[in-house]
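Visitor:
Have a look at this one:
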């Protein structure tokens, strides 16, 4: 079955990004990656949504695992001003956010980066110098009402905590899809 023009355009964009940032996926050849992507139509839909929301997805190897991750310099512009999850969103009675990071990630067909993946991503480039990104939070911390987020300031990567119902114009999330 022939590929749709939007999917073909997405693959061209991904190939360009792949070739511009070889440090994100050492030793991988685009031909092999393209075959894997084309074999998963649902994944192409996820990548279209990541691209459309400003994520600039690219193939990355994080902690030895190959996947697709948002590699925009700042947290994706179309996925900001979100609290952490549905419980936090529903629990916020005054000035509730429009959505939550976990709900939007699930709708994309992705997950959030965890703290270890976020630190590994930061080894591949400088991300979130002006923004921050929600991180997948361990259940025991979330049960206490908190959630994790990370950023890069002063050439260091920081992980912080916040109430899960907090939301800021400069905080979004980076989607992760394992391959």
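In UniProt numbering, the protein residues as written are 1 to 179. Just so you know, even glycine gets a beta-carbon here, dropped at the ideal spot from N, CA and C. Predicted, not measured: the structure shown is a model, and the values here were computed from it.
(1) Can you give the Cα-Cα distance for residue 127 and residue 9, rounded to whole angstroms?
(2) Helix, strand or coil for residue 86, going by three-state DSSP, please let me know.
(3) Which residues share a DSSP beta bridge with residue 178?
(4) Does the contact criterion of 3 or more C-beta pairs under 8 Å hold for the stretch 59-66 versus the stretch 79-90?
(5) DSSP three-state call for residue 28: helix, strand or coil?
(6) For residue 172, list the residues DSSP reports as bridge partners.
(7) Which residues does DSSP list as the beta-bridge partners of residue 7?
(8) Using DSSP with H/G/I as helix, E/B as strand and the rest coil, what is residue 158?
(9) Counting C-beta neighbours from all protein chains within 10 Å, is the total for residue 74 16 or more, i.e. buried, or is it exposed?
(10) Let me know the secondary structure DSSP gives residue 116 once reduced to three states.
(11) Tell me, please, whether the stretch 160-174 touches the stretch 127-136 by the rule of three or more beta-carbon pairs shorter than 8 Å.
(12) Go ahead and label residue 16 buried or exposed: buried means 16 or more other beta carbons lie within 10 angstroms of its beta carbon, across all protein chains shown.
(13) For the alpha helix (DSSP H) containing residue 153, list its first residue and its last residue.
(14) CA-CA distance, residue 28 and residue 108?
(15) For residue 100, does the three-state DSSP call read helix, strand or coil?
(16) Applying the criterion that 16 or more other CB atoms from any shown protein chain within 10 Å of the CB defines a buried residue, is residue 51 buried or exposed?
(17) Would a check of beta-carbon distances place residue 83 closer than 8 Å to chain C?
(18) Roughly how many angstroms lie between the CA atoms of residue 177 and residue 14, to the nearest whole one?
Guide: Quick look at the numbers:
(1) Against the chain shown, residue 127 aligns to sequence position 127. Against the chain shown, residue 9 aligns to sequence position 9. Each residue's alpha carbon lies about 25 Å from the other.
(2) Reading the chain shown from its first residue, position 86 is the one you call residue 86. The answer is helix: DSSP assigns residue 86 an H, G or I state.
(3) Counted from its first residue, the chain shown places residue 178 at position 178. Residue 178 pairs with 67.
(4) no
(5) Within the chain shown, residue 28 is the residue found at index 28, counting from 1. Here residue 28 sits in coil by DSSP.
(6) Taking the chain shown and counting its residues from 1, one reaches residue 172 at position 172. Its beta-bridge partners are 133.
(7) The residue labelled residue 7 in the question sits at position 7 within the chain shown. In the DSSP output, where bridge partners are listed per residue, residue 7 has none listed.
(8) As a working note, residue 158 is residue 158 in the chain shown. Looking at residue 158 - three-state DSSP - the assignment turns out to be strand.
(9) The residue labelled residue 74 in the question sits at position 74 within the chain shown. With 16 or more other Cβ atoms within 10 Å, it is buried.
(10) Looking up residue 116 in the chain shown gives position 116. Three-state DSSP puts residue 116 in a helix.
(11) yes
(12) For the purposes of this step, residue 16 is taken as the residue at position 16 of the chain shown. With fewer than 16 other Cβ atoms within 10 Å, it is exposed.
(13) In the chain shown, residue 153 corresponds to position 153, counting from 1. Per DSSP, residue 153 belongs to no alpha helix (DSSP H); it is in the beta strand (DSSP E), 146-153.
(14) Residue 28 sits at position 28 when you count from the first residue of the chain shown. Residue 108 sits at position 108 when you count from the first residue of the chain shown. Between residue 28 and residue 108, the C-alpha separation is close to 25 Å.
(15) Taking the chain shown and counting its residues from 1, the one referred to as residue 100 is at position 100. Of the three classes helix, strand and coil, the one that applies to residue 100 here is strand, per DSSP.
(16) The sequence position of residue 51 within the chain shown is 51, counting from 1. Buried.
(17) No chain C appears in this structure, which consists of one protein chain only.
(18) Within the chain shown, numbered from 1, the residue matching residue 177 stands at position 177. Within the chain shown, numbered from 1, the residue matching residue 14 stands at position 14. The straight-line gap from Cα to Cα measures roughly 14 Å.
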